[in-house]
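When we follow the UniProt record's numbering, the leftmost residue of the first sequence carries the number 1, and every step to the right adds one.
As structure tokens, the structure follows; a few thoughts come after it.
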Amino acid sequence: MPIIAELPVLPAALLSKLAGLNQRQRQAVTHPDGPLLVVAGPGTGKTQLLAARVAFLLTQPDVRPQEILCLTYTDAAARNMRHRLLGFVGPEAHRVAIHTFHSLGQLIIQENGGVLGRHDLEPATDLETDEVLREVLDGLPAGHQLRRDVGDAYYDLRHLKQLFQTMKREGWAPAELLLALEEYRLELPSDAAYLYKNPPPAMRAQGMRPGDVIPHKLAEEEAHIERSVAAVGLFEAYQAGLAARRRFDYGDMLAWATHLLEENQGLRLSYQERFQHFLVDEYQDTNGAQSRLLYLLADYWSNPSLLVVGDDDQSIFRFQGASVANVFEFTRRYPQAATVVLEENYRSSAPVLATAESLIVRNQERLVGQLPGLNKQLLARHARFAASPELPRLCRYATPLHEAADVAAQLAALHHGGQWPMGRVGVITRNHDQMDQLAQLLRAAGVPFQRRRTVDVLAEPLATALHRVLRYVDASLRPDDQLAADAALFELLHLAALAVPPADLLRLALGHQSHRRQMHAAGQPVLAWRAWAGVALDDFGPTPPEQPALSTEGRQALICVLALVDGWVQAAATLPLPTLLEHIVLETLLPAQLAQAAQPGQVLAEARALLHWGRAEARRQAEAGVSDLLHTWEVLAATREGLPLEQGGEVSAALELLTAHSAKGLEWEHVWVLGCQQTAWRRKAADRGFRLPPVLAPATGDAADCEEARRLFFVALTRAQVQLTVCWAAHDEAGKELVPCEFVAELEQDGLVAADVVVSPSVLDTARRTQLAPPPPPAPVPDSVLLDELLLDFRLSATVLNSYLACPLACYYEQILRVPTAHNEELLFGSAIHLALEEFFRQAQQPAAAFGPAEELVELFRRHFSRARFELPGRVYQRLAHAGPELLRDWWAQAQACTRPTAVVEYRVRAELPGGPRLVGMLDRLDLHDDGRTCDVLDYKTGSPATASEKLARPSLVPLQLP
DNA sequence: TGAGGCGCACTTTTT
DNA sequence: GTGCGCCTCA
């Protein structure tokens, strides 16, 4: 069909561009007004097509660039589109409206803040939404379903976040969702999954018959629903929290924009007039909210100029709400829509396409078969690659290590053999962590590569060093927390960046210990660490007897470092926060990190990200100081993402390592798909979020999961241009058999032959050696004279013994050297409970020999725990101050029934170990039996509030013969 | 068939 | 901390 001949006269430049398109592409580009669905398989030139379509529209009379709206899913795609368009139409491209769905929503909201009653609305950062959620959780009343007094108080934070985003995305009002949950709950008893088919004998004995409800199963699901109901109930509080900060989140960007347009006809008309032509990229990735916004704008016309491009076979973001159903919905909504299928592939060889094709035809959920007359078979059209006869390879390795070692060796050979870059190479895995081994081996072999992965900057060494500095600075600015300052200083002095010889730090610690002992003996106040260090380093004045024998370099280093640290503390009080951070990072921490970094570029990027974050925080909160930053740090660290930074690598590397999801849209001459085991590609992850009614949840079930995974595998395969290698391991490192994923089996069914790859011992050996971490530096040992003196009157208590068994080095520092340690919440909470119980029993042994009322016990706890008020963050203190009394009241109720008030409290024991040290210790409580000869020995074990409840409820009873 | 115990993981990504 | 798969037992 000679389409171009029928067209109005087109500019010569565009004509030549159109001539480069194939017949189907031209058909789409020159389609007259009206909806058009372009089904664009991999490598069929869809971005090119979109750009050409815009160029074509611009040649039409009465079409102005600003009336054309291009919608993409990601920022990167939007940039890419603008770039392409510049090539096609020149500077006019800047006037075309190119948006992501979210930026369009944001535009509509910000242009119409007045309608929403606010002019100053800003998008919320991830951090801000997390803070709002934390406030919501903090504000829960006692006894609320989602309140956690013990354990992680913010456990449900990310589940809430996910729930609220889903609600906004799907347009569920809280009331609607509650109704759906209630309906679901009412229907449970008639759901076959909750009925006995054949009750077990024990249940039969209780009169259960087939068809009766399984009580515990029903109750369990109802409890889940209850939690969901409670969570939905927090939606309004979350929205109110955002509003109080004048913020809207990602979900609101779409939901509010849609709502504005729906409710306000005048507004809708103005946008409908503004945009007259619509083009949507990656249509299979759009979700419900995005489609609604699009249709609201396009529905002004009965026959809108609306072009959507997508590929049902590459829909891989179902977990974000994307659905192939959106593509079906398009054809239902516009029955008159034309459909163009792009089949000519300009990327891959015929064998690669045939392999991918044979795999994907197994999917049922495809447009093929649903749209009449639709045919979709990829045809190899690449000038050079199409005719390549090379078949994809299937490689079976013994273990993942064999696989990584062999691939790394092959890549290294290519690189070092000067065949690099012979063409770009991509290595694809399902999950990030499957790539770790290979990345490590490549780094060791000196092969440059790029890896796309976001890492948490806050968990990297540069940030942890900064964190230590800030903790000390913060603590030393708060005079009520000397212990925390001491502990932070001791840790800080060990930073490699400060280069203090470790042996001298030990000598300093020993010196402080002997100072403490002498001052105790003399009944005089003990110097804190910073003051002590000052005395110890003082060259002038009389040398105190406890002054440690520091090395000359050590003394010099310590003097410099303390001056530096003091300088930071002073600067914190005077300089703005971003400047302080720059001082600390740029002058001290960064140079030290750079000197030993394997990837200096990465460390620089981390430094940039950290400083940028500091500036952003200072802007967000005008008076923000170090302690505010540390608080934010804590919030960020508690969320899964932390402070994300794209981990790059060498920018120009010809080798890229990525996950199948992030490989979408990219291509390489040679592609390796690694780790094709069933466990990686078809794992069923535990759903830990809130239960949704099944009618609202996206289609699940094994068939749908399988097809989603097959589409992802299809995406991975179709990245390859010439060489495609699919690998898996037969066993894991422990020797357990691994099942290759079903798609591998399908490829074998379709005629590919798997080969067992034997990796040479030397290659394996190198890989194993690379894997071993470098040995830790030897721990410094103080001179034996000092050590002997230290251990002169050493007694082995149960605490010390436990500590030693857990970690000898930690025991040496904490128990022998007694370096300062800050009190953590477990310790403070545990000892308050412990002391309260101890005193309570002592009081019970007064002549009356009876327990006091529960409130007496609670009062004891309150008195002891109040010491912790200044040592814990306010919220943690509040939470534990509430949890303690609850715990003790519970215990008291039980103890009334089964415990005697006559117990022996704090029983001291000693044991002489033959030839060894004396073991001393204290038994918390002995409950004497009636026979007067035996008793129960109790140890409270109150350390962690999470487990204290259980341990108090069920003490382990050990009968003991008293002598 | 189902109850109960135990071991074992704990994606993918964008705005 | 939580839920799933797998096992055994009745």
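Cβ coordinates follow ideal geometry from the N, Cα and C atoms, glycine included.
_Selection from Phe385, Ala439 and Thr166 that minimises the alpha carbon distance to Ala405_ = Taking the Cα of Ala405 as reference, the smallest distance to any Cα among Phe385, Ala439 and Thr166 is reached at Ala439.
Alpha carbon to alpha carbon, how far is Pro2 from Leu58? Low confidence applies to Pro2: its pLDDT is 40, below 50, so where it sits in the model is not reliable enough to give any reading.
| said: My assumption, with CB atoms under 8 Å, is that Asn287 sits in contact with Gly251. Please give the rounded CB distance. | reply: Cβ atoms of Asn287 and Gly251 stay farther apart than 8 Å, at about 11 Å.
Hey, would you say residue 1042 sits closer than 9 Å to Phe829, going by beta carbons?
Any question about residue 1042 goes unanswered here, given that the chain covers just 1 to 963.
Next on the checklist: Just to confirm the assignment, what range does the beta strand (DSSP E) spanning Thr725 have?
Outcome noted: Ala720 to Ala729 is the extent of the beta strand (DSSP E) around Thr725.
>> Given this structure, state the Cα-to-Cα distance separating Ala488 from Glu814, to the nearest angstrom.
In response: Each residue's Cα considered, the two are about 14 Å apart.
Handout entry: Pro735 burial status per 10 Å Cβ neighbour count (16 or more: buried)
Key = For the record, residue 735 in the displayed sequence is Gly; it is not Pro. Exposed: under 16 other Cβ atoms inside 10 Å.
Once you ignore the five residues that flank Trp532 on each side, which residues in its own chain have a CB closer than 7 Å to its CB? Excluding positions up to five away in sequence, the list reads His512 and His515.
*Quick one: is Glu789 buried, meaning 16 or more other Cβ sit within 10 Å of its Cβ, or exposed?*
For Glu789, the number of other beta carbons within 10 angstroms of its own is below 16, and it is reported as exposed.
Straight-line Cα distance separating Pro372 from Asp75:
Rounded to whole angstroms, Asp75 and Pro372 show a C-alpha spacing of 35 Å.
Under a three-way DSSP split, which group does Leu636 fall into?
Leu636: helix per DSSP, three-state reduction.
Under a three-way DSSP split, which group does Phe829 fall into? Looking at Phe829 - three-state DSSP - the assignment turns out to be helix.
* **Top-ranked residue by Cα proximity to Leu179, from Gly233, Phe794 and Asp152** => Leu179 has its Cα closest to that of Gly233, out of Gly233, Phe794 and Asp152.
Quiz prompt | Helix, strand or coil at Thr770 according to DSSP, with G and I counted as helix | solution = Note: Thr770 maps to helix in three-state DSSP.
Check each candidate in Leu558, Arg517 and Leu127 and name the one with the smallest Cα separation from Val535. When each option's Cα is compared against that of Val535, the closest is Leu558.
| field | Coarse secondary structure for Ser797, derived from DSSP in three states | value | In the three-state DSSP reduction, Ser797 falls in the strand class (E or B).
* Asked: Hey, Val329 and Val722: beta-carbon distance below 9 Å or not?
  -> For the sequence presented, residue 329 should be read as Glu rather than Val. Not in contact: Glu329 and Val722 (Cβ atoms no closer than 9 Å).
Q | Exposure of Leu187, with buried meaning 16 or more beta-carbon neighbours within 10 Å | A | Residue identity check: residue 187 is Glu in the sequence provided, not Leu. Its Cβ having fewer than 16 others within 10 Å, Glu187 is exposed.
Inter-residue spacing [alpha-carbon to alpha-carbon] between residue 973 and Ala93: Any property of residue 973 remains undetermined from this structure, which presents the chain solely from 1 to 963.
I'd like to know if the segment 440 to 457 and the segment 690 to 704 are in contact, where contact means that at least 3 CB-CB pairs between them fall below 8 Å. Fewer than three beta-carbon pairs drawn from the segment 440 to 457 and the segment 690 to 704 are found closer than 8 Å, and the two stretches are therefore not classed as touching.
Own chain residues within Cβ distance below 6 Å of Leu15, not counting five before or after: Counting only Cβ-Cβ distances below 6 Å, and skipping sequence neighbours, we find nothing.
Review point. So Arg451 is in the beta strand (DSSP E); what residue range does that whole segment cover?
Key: Its beta strand (DSSP E) spans residues Gln450 to Asp456.
Query raised in the report: Which runs of the alpha helix (DSSP H), 4 residues or longer, sit entirely within the segment 270 to 300?
Result: With a minimum length of 4 residues, the continuous alpha helix (DSSP H) runs that stay inside the segment 270 to 300 are 288 to 298.
query = What number of angstroms, rounded off, separates the C-alpha of Gln336 from the C-alpha of Leu374?
reply = Each residue's CA atom was taken as its position, placing Gln336 and Leu374 some 15 Å apart.
Q.
Among the candidates His467, Pro215 and Thr552, whose CA atom is the shortest distance from the CA of Tyr196?
A. Of His467, Pro215 and Thr552, the residue nearest in Cα terms is Pro215.
For my contact list, Asn431 and Thr659 are in at a C-beta cut-off of 8 Å; report their separation, rounded to the angstrom. About 7 Å; that satisfies the 8 Å criterion.
message: In chain order, what are the residue ranges of uninterrupted beta strand (DSSP E) at least 3 long that sit wholly in the segment 300 to 366?
response: List check, beta strand (DSSP E) in window: 305 to 310 and 338 to 342.
Helix, strand or coil for Trp172 per DSSP?
The three-state reading of DSSP puts Trp172 in coil, since its state is none of H, G, I, E or B.
Does the segment 103 to 110 come into contact with the segment 124 to 143, if we say contact requires no fewer than three beta-carbon pairs (one atom in each stretch) closer than 8 Å? No contact exists between the segment 103 to 110 and the segment 124 to 143.
Original post:
Do Ser797 and Val920 have their C-beta atoms within less than 9 Å of each other?
Top reply: Result yes, Cβ atoms of Ser797 and Val920 sit closer than 9 Å.
| request: Find the nearest neighbour of Arg517 within the set Gly614, Ala503, Leu817 and Leu629, judged by alpha-carbon distance. | output: Residue Leu817 holds the alpha-carbon nearest to the alpha-carbon of Arg517 among Gly614, Ala503, Leu817 and Leu629.
Point to revise | Per DSSP, cross-strand counterpart(s) of Trp672 | key: Beta-bridge pairing by DSSP links Trp672 to Val427 and Thr725.
- Message: Can you check which of these residues, Ala637, Pro392 and Thr718, is closest to Asp126 by C-alpha distance?
- Response: Answer by Cα proximity: Ala637.
Taking the beta strand (DSSP E) that Arg393 belongs to, which residues open and close that run? Arg393 -> beta strand (DSSP E) spans Arg393 to Tyr397.
In three-state DSSP terms, what is Ala13? Helix.
Query - DSSP three-state assignment for Ile108, whether helix, strand or coil - result: Three-state result, Ile108: helix.
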